[in-house]
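Chemist:
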Amino acid sequence: MITMLSRVLLAPIHAAQILTGAKSFRTNPILGSARLNRRGLHVWRVNTASALTEWRRRRLEHLVSAEDRRQLDEQGYVETRDFLSPEHFAELVREVTSVALPAKQFREGNAITRRVPLTPANLRHLPACRRLLALPEFQGRLRYVASFDVEPEVYIQTIFSQLDGPAADPQLDLHMDTFHPTMKAWLFLHDVPADEGPFTYVRGSASRTKRRLAWERRRSIEACDPAKAVGGAFRIRPDELPRLGLSEPTQFAVPGNTLVVGDTCGFHARGATVRPGIRIEIYAANRRNPFLPFVGLDLWSAPLLKRRKIALFWAALALWERLGLGRSQWRNGGQVRAGDPVLSEP
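Below you can see the structure in the form of C-alpha cells.
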C-alpha cells in the first residue's frame with residue numbers, strides 16, 4: 001500500500017524526468033517501463049537529445065576550427081597533440097606536481113581516482129592552470145563538444161591503477177556514460193604507454209545509426225528487468241562492435257601535452273595495465289540537461305559561483321554524511337601533490 005501511494009505521489013516527478021538527463025531504469029518506473037520502451041520511449045529520448053545537441057553545437061561552431069568539427073563528427077572526439085606551448089606545458093607540469101592541495105578520492109575496484117578541483121582558492125596557487133582555463137582554444141573545444149557555452153568542471157586528476165584489492169576496475173569495460181551526448185576531456189601531463197591504462201574510445205560510436213538505435217532499444221528493454229539491475233550507463237562487449245558497424249577501440253597511447261575531448265555517449269573505457277601505474281592529467285567534464293533549448297543561462301557560470309560548484313557539492317555531501325543520511329563515495333585524500341602516493345584508502 002505504501003509503495004503504491006509513493007508511486008502515485010512521485011508520478012509527476014517521474015514524468016518530468018523524461019525531459020531531463022535522468023537515466024536510472026531502477027528508480028523511475030516510467031523510464032524503467034519495458035512496455036513504454038518497447039514502444040520507443042528510450043529511443044525517442046536518445047533521438048531528441050541528439051537533435052538538440054546538434055542544434056546547440058551549430059550555434060557554437062565559431063568556438064572551434066573546421067578540423068575540430070570534422071574530428072568530432074567522424075570520430076566522436078577531438079585529439080590535439082602539442083596543445084600547449086612547450087614553456088606553458090613545462091610550467092603546468094611543474095606546478096601540479098609540486099604544489100600540495102586538498103584532494104578527494106574514491107575507489108573503483110583496484111583503482112583509485114584522486115581529484116583536486118580548480119576552484120578560485122586553489123587557482124591562487126596555480127598560475128599555469130589559470131592560464132590554461134583562460135585559453136579560448138581550451139574552453140572552445142570543451143564547450144563545443146558539450147554543446148553548452150557554460151563553465152566546465154575542471155580538476156587535476158591522478159589515477160592509480162592495479163592497486164591491491166579483490167575486485168577489478170569497472171572502468172576497464174567498454175561503456176557509454178549516458179543516453180545523450182556529454183563531454184569529458186583529458187590533457188595528459190606525461191607520456192601514456194599502451195600498457196599502462198590509456199584512455200580507450202571506439203571511433204564513430206557517438207553517432208546514432210540505425211544499428212546503434214536498435215541496440216539501445218534492446219538494452220533499454222533488458223534494463224527494465226529488476227533481476228538484471230542495470231543502470232543507464234550501458235556496457236558493450238568488444239565482440240558486439242562489428243554488429244553495430246564499429247571498429248576496434250582506439251587506445252590513446254599518446255605523448256604528454258595531448259588534449260583529447262570526447263563525447264562520452266560513445267563507447268569508451270580505461271585501458272588495461274600490466275603493472276601498477278599512475279596517470280596524471282587535467283580532467284574536465286560537463287553534463288547538463290540534454291533537453292535544454294539554449295546554450296547558456298547557467299547559474300554556475302555567474303561570477304559569485306564560477307568554479308565553486310564542486311567545492312559546494314563536496315561540502316553538501318560531507319554535511320549529508322555527518323547527519324547520518326548516507327555515505328559519500330568521495331573520501332578525504334589529504335593535502336597532496338599530483339602523483340603523491342595514496343596515503344589512506346577511501
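Sequential numbering of the sequence shown, starting at 1, is according to full-length UniProt numbering.
Even for Gly, the Cβ is constructed at its ideal location relative to N, Cα and C.
All values derive from a computational prediction rather than experimental measurement.
Counting Cβ pairs, one atom from each stretch, are 3 or more of them under 8 Å apart for the segment 287 to 304 and the segment 216 to 232?
Modeler: Short answer: they don't touch.
Chemist: Measure from the alpha carbon of Met-183 to the alpha carbon of each residue in Asp-149, Arg-211 and Val-342, then state which is nearest.
Modeler: Taking only the C-alpha atoms, the option nearest Met-183 is Asp-149.
Chemist: With a Cβ-Cβ cutoff of 7 Å, do Arg-219 and Phe-234 count as a contact?
Modeler: Cβ atoms of Arg-219 and Phe-234: closer than 7 Å.
Chemist: Which first and last residues belong to the alpha helix (DSSP H) in which Val-46 is found?
Modeler: Run containing Val-46: 41 to 58, per the alpha helix (DSSP H) assignment.
Chemist: Nearest to Gly-21 by alpha carbon, out of Arg-287, Gly-324, Lys-104 and Gly-256?
Modeler: The residue with the shortest Cα to Cα distance from Gly-21 is Arg-287.
Chemist: Okay, do the segment 72 to 89 and the segment 307 to 318 touch, 3+ Cβ pairs below 8 Å being the bar?
Modeler: No: fewer than three Cβ pairs fall under 8 Å.
Chemist: I think Arg-141 touches Val-261, with their Cβ atoms under 8 Å apart; what is that distance to the nearest whole Å?
Modeler: Going by Cβ atoms, the distance from Arg-141 to Val-261 rounds to 5 Å, so yes, they are a contact pair.
Chemist: Could you round the C-beta distance between Thr-97 and Gln-105 to whole angstroms and report it? I think they count as a contact, below 8 Å.
Modeler: Actually they do not touch by this definition, with Cβ atoms about 17 Å apart.
Chemist: Helix, strand or coil: how does DSSP classify Asp-73 here?
Modeler: Asp-73: helix per DSSP, three-state reduction.
Chemist: Leaving aside the five residues before and after Gln-162 along the sequence, list all residues of the same chain whose C-beta is less than 7 Å from its C-beta, in chain order.
Modeler: So the qualifying residues of the chain are Asn-110, Thr-273, Arg-275, Pro-276 and Gly-277.
Chemist: What span of residues does the beta strand (DSSP E) with Ser-103 cover, start to end?
Modeler: The sequence shown places Ala at residue 103, rather than the Ser named in the question. From DSSP, the beta strand (DSSP E) with Ala-103 extends over 101 to 108.
Chemist: By Cβ distance below 6 Å, which residues in the same chain neighbour Thr-264 in space, the five residues on each side in sequence not counted?
Modeler: Asp-177, Thr-182 and Lys-184, listed in sequence order.
Chemist: Between Val-274 and the ligand SAM, is the CB less than 6 Å from at least one heavy atom?
Modeler: The ligand SAM is not part of this structure, which contains no ligands at all.
Chemist: If you compare alpha carbons, which of Gly-256, Trp-330 and Glu-222 is closest to Ala-90?
Modeler: That would be Gly-256, whose Cα lies nearest to the Cα of Ala-90.
Chemist: Here's the rule I'm using: 16 or more other beta-carbon atoms within 10 Å means buried, otherwise exposed. How should residue 348 be labelled?
Modeler: No answer is possible for residue 348: it lies beyond the span of the chain, which begins at 1 and ends at 346.
Chemist: With contact counted as at least three CB pairs below 8 Å, one residue from each stretch, are the segment 119 to 135 and the segment 45 to 60 in contact?
Modeler: No: fewer than three Cβ pairs fall under 8 Å.
Chemist: By Cβ distance below 8 Å, which residues in the same chain neighbour residue 347 in space, the five residues on each side in sequence not counted?
Modeler: Here the chain has residues from 1 to 346 only, and residue 347 is not among them.
Chemist: Which runs of the beta strand (DSSP E), 3 residues or longer, sit entirely within the segment 107 to 175?
Modeler: Fully enclosed beta strand (DSSP E) runs of 3 or longer: 111 to 117 and 153 to 161.
Chemist: Can the beta-carbon of Leu-187 be found closer than 7 Å to that of Val-93?
Modeler: Not in contact: Leu-187 and Val-93 (Cβ atoms no closer than 7 Å).
Chemist: What residues in its chain sit with their C-beta under 8 Å from that of Met-1, if we drop five residues either side in the sequence?
Modeler: A caution first: Met-1 carries a pLDDT of 46, below 50, which makes its placement in the model unreliable, though a value can still be read off. No residues qualify anywhere along the chain.
Chemist: Just verifying my parser: in three-state terms, what is the DSSP assignment at Gly-326?
Modeler: Reduced to three states, the DSSP call for Gly-326 is coil.
Chemist: Pair every Cβ in the segment 240 to 252 with every Cβ in the segment 201 to 209, then say whether three or more of these pairs are closer than 8 Å.
Modeler: Yes: at least three Cβ pairs fall under 8 Å.
Chemist: Would Arg-211 and Leu-241 be called neighbours here (beta carbons separated by less than 7 Å)?
Modeler: Going by C-beta atoms, Arg-211 is not nearer than 7 Å to Leu-241.
Chemist: With respect to the beta strand (DSSP E) encompassing Ile-280, which residues constitute its N-terminal and C-terminal limits?
Modeler: 277 to 286 is the extent of the beta strand (DSSP E) around Ile-280.
Chemist: Do you know how far the Cα of Leu-19 is from the Cα of Thr-48?
Modeler: Cα to Cα, Thr-48 sits roughly 10 Å from Leu-19.
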